[in-house]
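Protein chains in written order, with our numbering: chain A, 1082 to 1251; chain B, 1082 to 1251.
There are 2 protein chains.
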Amino acid sequence: MITVLRLSHRPNRDERISTHCGLVARAMGADKIIYSGEYDEKLIESVNDVSRRFGGRFAATYEKNWRKVIQNFKGIKVHLTVYGLPMGEKIREIKKKKKNLMIIIGSEKVPGEVYKMADYNLSVTNQPHSEVAALSVFLHEYYKGKEKKFSKAKIKIIPSERGKNVREKK
Amino acid sequence: MITVLRLSHRPNRDERISTHCGLVARAMGADKIIYSGEYDEKLIESVNDVSRRFGGRFAATYEKNWRKVIQNFKGIKVHLTVYGLPMGEKIREIKKKKKNLMIIIGSEKVPGEVYKMADYNLSVTNQPHSEVAALSVFLHEYYKGKEKKFSKAKIKIIPSERGKNVREKK
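Here it is, written out as structure tokens:
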């Protein structure tokens, strides 16, 4: 069970990046995303709408108090940050523990206490880039590229060499 | 040599996603990003500014005519799309050819001709998510997680277990 916690969302400014975080969490195999920061119904609705249409049990929710979310979480807490240790060195150790996982991703400024509350502060390169990228590469490595199945999909994309092949259940 | 081509950028609406595309391209080992769509000096400047500070030779540029950019490119053209074949099946084949690579990433609507102009249409899962994620996972797989070195960096982040360790050259 993998939960993603997205810190300090701001409507408008972060809308698309936060949406991408939610969709990546779902597509790459996490079970839910909790958004913190400012409440943004449109964001949560748009991520859950993709789940409804493309299947699976992924859920996007909101919690105002991110400190409590981290404190109350039973399992391993991984904070993805450009300042952390290379993810590659730690991912096997984390998997071996076979516990629930919380992946914390921030926005521009992550409060210092997050670094202390996390069990691991890990980086996907020590270069500045993107929380969307960090999350996707971490999940890709964690699952070794094995793709999740999405049950009860109304819309299914069939891989094709050229063009678009989409099956829709009516 | 890897070139990323980002299609149909729109200032304001795409600013942050397009910035993330540029930073991911750089951090994960590409050599340059070409933005198409509307010209956005601020975007290009912000990506190049990261290169100047964090080192390496990455360059962000703009080309209005993306068709010509694709047509004139000598090498393998990979279009990342949710509709494509799973990337995992093709990446080894592409690497074996040892040619220059162009990675094409779109925004909401990619013109149909891009699917024809590309040598490969590849997907990172057939679920809707993010061009930032697709690009990062593709590059991560392509380089097998081997991190690039960035020469002449003014700012260097030293990986640490907790907190921030940044070295700045004056």
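Using N, Cα and C, we set each Cβ at its ideal position, and we do this for glycine too.
All of these numbers come straight from a predicted model, not from anything done at the bench.
Neighbour-count burial assignment, residue i, 16 or more Cβ in a 10 Å radius
i       : result
A/V1247 : exposed
A/T1206 : buried
B/N1202 : buried
Continuous alpha helix (DSSP H) stretch holding residue i: start and end
i       : result
A/M1198 : G1193 to M1198
B/S1153 : Here residue 1153 of chain B turns out to be Asn, not Ser, going by the sequence shown. Where B/N1153 is concerned, the enclosing alpha helix (DSSP H) stretches over W1147 to N1153.
B/M1168 : M1168 to K1177
A/S1223 : The residue asked about is misnamed: residue 1223 of chain A is Tyr in this sequence, not Ser. Segment E1212 to Y1223, the alpha helix (DSSP H) holding A/Y1223.
Residue i at chain A interface by Cβ criterion, 8 Å
i       : result
B/A1111 : no
B/H1090 : no
B/T1084 : no
B/I1098 : yes
B/Q1152 : no
B/L1161 : no
B/P1209 : yes
Inter-residue Cα distance where the pair is residue i and residue j
i       : j       : result
B/S1241 : A/V1195 : 14 Å
B/F1135 : B/I1236 : 5 Å
A/G1118 : A/R1091 : 6 Å
B/D1112 : B/I1175 : 17 Å
B/T1162 : B/R1173 : 18 Å
A/A1141 : A/L1124 : 9 Å
A/K1155 : A/K1149 : 12 Å
A/E1228 : A/D1130 : 21 Å
A/Y1116 : A/A1108 : 17 Å
Neighbour flag for residue i against chain B, beta carbons, 8 Å
i       : result
A/N1093 : no
A/I1125 : no
A/K1149 : no
A/G1187 : no
A/V1128 : no
A/V1105 : yes
A/G1118 : no
A/I1238 : yes
A/K1197 : yes
A/T1142 : no
Unbroken beta strand (DSSP E) run spanning residue i, endpoints
i       : result
A/G1118 : K1113 to G1118
B/I1239 : Premise fails: B/I1239 is in no beta strand (DSSP E) and is neither H nor E.
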